[in-house]
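Q: Remember, my numbering sits 21 above the position in the sequence shown when you count from 1. C-beta atoms are modelled at their ideal positions from N, C-alpha and C, and glycine is treated no differently. Here the structure is a predicted model, which is why all the values come from computation and not from measurement. Structure in structure tokens, see below.
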Amino acid sequence: MNISVDKLLSQIGGDHNSKDTLQLLALQFPAQVTFSTSFGMEDQVITHDILSNNIPISIFSLDTGRLFPETYSVWSATNEKYSTHIKAFYPDHGLLETFVAAKGPNSFYESVDNRKGCCYIRKVEPLKRALSGNALWITGLRAEHSPDRKDLPMLEWDESNKILKYHPLLHWSTDEVRGYINDNNIPYNPLHDKGFISIGCAPCTRAIRPGEDFRAGRWWWEDQSNKECGLHVHTEQSLTSIVQ
Ligand code: SF4
């Protein structure tokens with residue numbers, strides 16, 4: 022890395038201008054910045070900024086095999102609008118066949134262990150392959166989506182994946198995201214208009230009711246306190262000590 026973390030943080034800290042920050046990071050880590058999209062509204066904002074400005078950041082999605090039809094539709098519409106082909110990473114077929122043979126196709130409803138096993142095979146393991154060889158991972162995480170994310174820094178070290186992680190829209194509000202989508206005519210998942218906030222796999226995502234927490238729509242049959250899927254594990258480790 023040819024820049025100190027402190028300098029990098031001072032350049033990107035609190036910046037709501039996602040495009041300029043993405044340009045800066047792509048310059049700092051040539052061919053080693055990648056963005057994971059699940060085609061939610063915030064991800065579509067970042068995809069738009071990358072592709073409409075030709076920023077050299079690769080884009081991938083984790084196709085778990087259990088996504089909503091609407092997600093595949095917005096994926097196709099995005100490919101078409103930006104004349105691109107967003108790359109997909111798939112679960113290891115051997116792991117998945119063994120798991121489903123032993124547990125059945127919907128075992129995630131039966132126990133937290135089964136749910137975490139399914140998330141590991143369909144998301145966590147493919148993510149490790151997708152991030153391999155990269156230095157920085159861009160995500161569409163927003164603080165509004167989980168109490169765990171309130172104090173999250175925009176730039177953090179992901180110890181489990183050994184990669185720097187940057188969340189350009191962490192402090193954007195839902196209205197800001199929607200406004201950007203509308204102003205720029207960006208394709209978005211129509212499920213957002215039906216009460217779906219954070220859209221993941223179809224069997225594990227539902228619309229939320231007025232007044233419910235944003236995360237109530239994911240794994241609603243489980244304890245509400247800790248419902249991350251293992252993709253985003255946050256540590257307290259100092260960035261400066263790791264990457265300077
Ligand atoms: Fe499996 Fe549900 Fe996790 Fe998707 S969200 S990987 S279907 S447990």
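Measure the Cβ-Cβ separation of I220 and Q65 and say whether it is below 7 Å.
A: Not a contact, by the Cβ cut-off of 7 Å.
Q: Verify the contact flag: G221, CB atom, against every heavy atom of ligand 1, threshold strictly below 6 Å.
A: The answer is yes for G221.
Q: Does the Cβ of P224 lie closer than 6 Å to at least one heavy atom of ligand 1?
A: Indeed, a heavy atom of ligand 1 lies less than 6 Å from the Cβ.
Q: Count the other CB atoms, across all protein chains shown, that sit within 10 Å of the CB of S312; report buried if there are 16 or more and exposed otherwise.
A: With the chain running from 22 to 265 in the structure shown, residue 312 is simply not present.
Q: What did DSSP end up calling W96 once you bin it into helix, strand or coil?
A: Three-state DSSP puts W96 in a helix.
Q: Since V145 is in the alpha helix (DSSP H), which residue starts that stretch and which ends it?
A: Looking at the DSSP string, V145 is not in any alpha helix (DSSP H), and its letter there is neither H nor E.
Q: Label K186 either buried or exposed according to how many other C-beta atoms from any shown protein chain fall within 10 Å of its C-beta, with 16 as the threshold for buried.
A: It is buried - the Cβ of K186 has at least 16 other Cβ atoms within 10 Å.
Q: Exposed or buried, what is S39 when buried is set at 16 or more other beta-carbons lying within 10 Å of its beta-carbon?
A: Looking at its Cβ environment, which holds 16 or more other Cβ atoms inside 10 Å, S39 is buried.
Q: Using a Cβ-Cβ cut-off of 6 Å (strictly less than) and excluding sequence neighbours within five positions of Y103, which residues of its own chain qualify?
A: Within the same chain, Y103 has close Cβ partners L72.
Q: For E101 versus R163, is the C-beta distance shorter than 7 Å?
A: No, the Cβ-Cβ distance between E101 and R163 is not below 7 Å.
Q: Any heavy atom of ligand 1 inside 6 Å of the beta-carbon of D144?
A: According to the sequence as given, residue 144 is Lys; it is not Asp. Yes, ligand 1 has a heavy atom inside 6 Å of this Cβ.
Q: Tell me where the beta strand (DSSP E) around Y187 begins and ends.
A: Counting along the chain, the beta strand (DSSP E) containing Y187 begins and ends at 184 to 187.
Q: Should the segment 227 to 236 be called in touch with the segment 77 to 92, which here means at least 3 C-beta pairs below 8 Å?
A: They do not touch, by the three-pair rule.
Q: How big is the Cα-Cα spacing for P147 and N182?
A: Roughly 12 Å separates the two Cα atoms.
Q: Closer than 7 Å by C-beta to T68: which residues in its own chain qualify, once you throw out the five before and the five after it? Chain order, please.
A: T58, I80, T99, listed in sequence order.
Q: On the premise that I78 lies in contact with I202, defined as a C-beta separation below 8 Å, what is that separation, rounded to the nearest angstrom?
A: With 8 Å as the limit, I202 and I78 do not qualify as a contact, their Cβ atoms being about 19 Å apart.
Q: I need the straight-line Cα distance from G61 to N210, nearest angstrom please.
A: C-alpha separation (whole angstroms): 6 Å.
Q: Excluding sequence positions up to five away, which residues of its chain have a Cβ less than 7 Å from the Cβ of N205?
A: Cβ within range, chain order: H69.
Q: Can you tell me whether I202 is helix, strand or coil according to DSSP?
A: If DSSP states are grouped into helix, strand and coil, I202 belongs with the helices.
Q: Is R163 near ligand 2, going by C-beta to nearest heavy atom under 6 Å?
A: With respect to ligand 2, the structure shown offers nothing to examine, as its ligands consist of ligand 1.
Q: Measure the alpha-carbon distance for G138 versus V145 and round it to whole angstroms.
A: Each residue's alpha carbon lies about 10 Å from the other.
Q: Ligand 1 and F2: does the residue's C-beta get closer than 6 Å to at least one heavy atom of that ligand?
A: The chain is shown only over 22 to 265; residue 2 falls outside these bounds and no answer can be derived.
Q: So which of S97, R136, Q53 has the shortest CA-CA distance to W242?
A: Considering only alpha carbons, the answer is R136.
Q: My guess is that N155 and T55 are in contact by the Cβ rule of under 8 Å, so how many angstroms apart are they, rounded?
A: Indeed, because the Cβ distance is near 5 Å, the residues count as touching under 8 Å.
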